[in-house]
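For the sequence shown, our numbering assigns the number 1 to the initial residue and increments by one for each residue that follows. Before any comments, here is the structure.
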Amino acid sequence: MKTLSISTFIIFAAMLTGCVQKSRTVTVNLKLYVTGIKNIKQVGVRGEGNPLSSDKDLVMQPVIKDSIYTVSFNTVTGYNFLECKFAIDDKVELKGQPNRRIDFVDKDTMSYEAKYQVPGKIN
1 MKTLSISTFI IFAAMLTGCV QKSRTVTVNL KLYVTGIKNI KQVGVRGEGN
51 PLSSDKDLVM QPVIKDSIYT VSFNTVTGYN FLECKFAIDD KVELKGQPNR
101 RIDFVDKDTM SYEAKYQVPG KIN
């Protein structure tokens with residue numbers, strides 16, 4: 001009985017470690033195009049996984065104020081994608097719609113361009 005318990009534990013432990021995805025560092029470059037909104041105070045991106053947060057913006061920098069914003073960051077992940085939404089002055093886009101999905105399968109650097117309130121990417 002003791003041998004059966006030990007064997008079962010070893011098999012279970014091997015199954016758990018075999019399912020873990022390898023973590024890697026991915027550089028993400030985001031560019032957001034904004035139209036029709038003036039006097040913007042802050043543009044950011046929200047999501048899950050460090051450095052993103054669903055409650056607080058990762059602040060984007062203006063390339064052209066009230067028009068184009070960018071941010072670059074590194075994330076350590078075991079996933080092949082991340083999900084996010086953009087926010088302008090604490091108003092998160094695409095209410096009631098799915099998050100934007102950024103796939104980075106087999107890439108260590110990913111660039112993603114989007115228009116505020118328009119689902120999908122533009123590049």
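No residue lacks a Cβ here, since even glycine has one placed at the ideal position from N, Cα and C.
Confirm the yes/no value for this check: CB of residue i, any heavy atom of the ligand HEM, distance under 7 Å.
i, result
"residue 51", "The ligand HEM is not among the ligands present in this structure, which contains no ligands whatsoever."
Quick one: what's got a C-beta closer than 6 Å to residue i's C-beta in the same chain, skipping five residues either side?
i, result
"residue 27", "74 and 109"
"residue 101", "81 and 83"
Can you give me the Cβ contacts of residue i inside the same chain, cut-off strictly under 7 Å, excluding the 5 residues immediately before and after it?
i, result
"residue 121", "112, 113 and 114"
"residue 4", "For residue 4, the predicted model reports a pLDDT of 49, less than 50, meaning its position is unreliable; a value from the coordinates is still stated below. Answer for residue 4: no residue qualifies."
"residue 58", "44, 45, 51, 52, 71 and 73"
"residue 31", "68, 70 and 113"
"residue 22", "78"
Identify, in the order they occur along the chain, each residue of the same chain with its Cβ nearer than 8 Å to the Cβ of residue i, setting aside the five sequence neighbours on each side.
i, result
"residue 66", "34, 37, 38, 39 and 40"
"residue 107", "26"
"residue 117", "93 and 94"
"residue 97", "119"
"residue 99", "47, 83, 84 and 85"
List the endpoints of the continuous beta strand (DSSP E) containing residue i.
i, result
"residue 97", "Run containing residue 97: none; DSSP gives neither H nor E here."
"residue 73", "68-77"
"residue 35", "That residue, residue 35, is in no beta strand (DSSP E); it is neither H nor E in DSSP."
"residue 64", "61-64"
"residue 83", "81-88"
Mind reading off the beta-carbon distance from residue i to residue j? Whole number of angstroms is fine, and I expect it under 8 Å.
i, j, result
"residue 63", "residue 70", "6 Å"
"residue 104", "residue 123", "Residue 104 to residue 123, Cβ: 14 Å. No contact."
Mind checking whether residue i and residue j have CB atoms under 8 Å apart?
i, j, result
"residue 119", "residue 94", "yes"
With three or more C-beta pairs closer than 8 Å as the rule, is the region 42-51 touching the region 82-100?
These segments touch.
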